[in-house]
Each structure stands twice: as structure tokens, then as C-alpha cells.
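Residue numbers (the working numbering): 187 to 477.
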């Protein structure tokens, strides 16, 4: 019998009904983080990542499902969450991969910060309680992607997020984020590491290649992310029929997914251009720290 680890394909911390109920109850009991810790995180994010927000006038004044591209190592949360909470009063609830919640101590910390595991029943509970939700359809693969896939949305053929939004009549807010994919320089990407593990007989067919992180180098050769400016832009929201409306066909769900994906890609392209136009504003200190 193969040893089950957080990286195992069949690892699921919410497989038992009681565990799922407890996770949902804890998620619903979570309040927006306040106090000194949150202030420090916000100030560090503003200083180090310099988040620049665009098209915030498109943000609806009701709970929404935010969908966008996932950054390397999932560091987008350090850019998106603090600024939206502190400056716009939006407490987004990120939905993460199951392996992140396999260790109780890590799961407790993530839940305290507002994150939840990406499970349909968890999403339904959050929507039933009018929560802002943040999802990345590219999932774990996009968080450990090779450098050649920077800023490429990896949605594939999944419809789950769109189907849930339609079930609850949630407005979808697409967004594009540029900057975090350059927080680190690649030394070995995850595909190369998986190849090495196989060569040394350290790989099991039950292990998830999309949960193997790349080997990276940060600011001045350290583990600290490089001080790259970040650009976040919100696309035109997609309004769905109200809750209780007739269930949409698969064709309609696919059409909505295509629309959202195209709007995300458009915002990414705009922010890549915006960043290029702003490169001359980088200070010498930031240029040095980015080596």
C-alpha cells in the first residue's frame, strides 16, 4: 500500500463528512483580519510590491466571484488581499488546493486568514452567506508553472466555478495580475525536478507533479521575493441570471467561461504594457535588489 502524503493524488483532507462540516463552520466563523498583523502585512505589501490597481470603478457593490490568473507560488494573495481589504473594504475568500490544507497547523492559519479549501460545498456555503470569493482556475499547476508559461491562464476545460456562480446568480469579476511571476528567478522548474526525482527512483505514480515547486532564487540570491511592482486590473464584470433562474446548458456555461477567460487575458495584456511603460520609474535600489 502506497504511503499517502499531502502530495498524493488521493489525498483529500475533507473526504469525511465531519471534516467537511467543520471546515465550513470554521470558514463561516472567520472575520476579516484586523489589528497590527494585518496593518504590517498591508504596509509591507504596499512598500515591497507597490500594487497599482486599475479599473476599480468596475467593482460591483455586492458579493462577487473574482477569477484571475494565478501567480507563481500563489503569492498573488500578498498583493491582492491586503490592498482590497484595507482600501476597499473587500474581504476576499481565496479557495486553495487541497494539499495546502493537509497539515492541520497550516490549515488553521489559512482559515484564520480567510482562505478555504477549493470544494464545491465550501463555495456554496460562502455564496449562501454573501461572501466575496477569489478563485484561480489554473490551480496548483499555474502556481508552479515553468517560466515559459508566465501570465498564461491555465483554465483548461473545467466549468465548476462558472456552474457555481450560475447556481447562486453571482456576478463574476475577471482580473489580470502582472508582477508576481517575476518575484523569483527560476533555477530549476518543476518539470525538471520531477524528471530528476524519477531518475533517482524517488518518484511515485501516486504523486502529483502539479504540487512540486520549482527551485527559485529571490532578491540578492535569498528566499525573499524580489521587489517587483505589481499591476492589478479588473475587467468588465459578467452578470449572470439571478438565483433560481433556469439552469444554464453546458454550451452556455462554456460560452461564459470563454468570455471570462478572454477578459482576464485582455487585462493581463494591458497590465504587461502598463508595466513596460513604467519601467523607467524604478529606483536604483529596486533594480539592485531585483538581481
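Think of the CB as a built atom: it goes at the ideal place given N, C-alpha and C, for glycine as much as any other residue.
Problem set entry | Beta-carbon proximity of residue 431 to residue 365, cut-off 8 Å | Inclusion of residue 431 and residue 365 in the CB contact set at 8 Å is not warranted, their separation being larger than that value.
Exercise. Is the Cβ-Cβ distance between residue 358 and residue 426 less than 8 Å?
Worked result: Cβ distance < 8 Å, so residue 358 and residue 426 count as in contact.
Exercise. Which of the three DSSP states, helix, strand or coil, is assigned to residue 398?
Worked result: Here residue 398 sits in coil by DSSP.
Exercise. Looking at the structure shown, is residue 286 part of a helix, part of a strand, or coil, going by DSSP?
Worked result: DSSP places residue 286 in helix when its eight states are reduced to three.
Exercise. Per the contact definition of three or more C-beta pairs closer than 8 Å, is the region 451 to 467 in contact with the region 403 to 418?
Worked result: Yes: the two stretches touch, three or more of their Cβ pairs being nearer than 8 Å.
Exercise. Are the region 235 to 249 and the region 339 to 349 in contact at 8 Å, needing three or more beta carbon pairs?
Worked result: With the cut-off at 8 Å, the region 235 to 249 and the region 339 to 349 do not touch.
Exercise. Can you name, in chain order, every residue of its own chain whose Cβ lies under 7 Å from the Cβ of residue 403, other than the five neighbours on each side?
Worked result: Cβ-Cβ distances below 7 Å link residue 403 to 370, 371, 373 in the same chain, with the five nearest sequence neighbours on each side left out; the list follows chain order.
Exercise. Thinking C-alpha only, which one of 322, 413, 266 is nearest residue 465?
Worked result: Per the Cα distances, 413.
Exercise. Can you list, in chain order, the residues of its chain whose CB lies under 7 Å from that of residue 428, leaving out five sequence neighbours each side?
Worked result: Taken in chain order, the residues that qualify are 355.
Problem set entry | Distance, residue 221 Cα to residue 204 Cα | Near 32 Å, if we compare the C-alpha coordinates of residue 221 and residue 204.
Exercise. From residue 210 to residue 196, what distance separates their C-alpha atoms?
Worked result: Taking the straight line joining both Cα atoms gives about 21 Å.
For this session: Take residue 215 and list the residues in its own chain whose beta-carbon comes closer than 6 Å to its own, dropping the five residues that flank it on each side.
Result: The same chain holds no residue with a CB closer than 6 Å to that of residue 215 once the five nearest residues on each side in sequence are set aside.
For this session: Flag this pair as touching only if the region 284 to 297 and the region 327 to 335 have three or more C-beta atom pairs under 8 Å; answer yes or no.
Result: By the Cβ rule, the region 284 to 297 does not count as touching the region 327 to 335, because fewer than three pairs are nearer than 8 Å.
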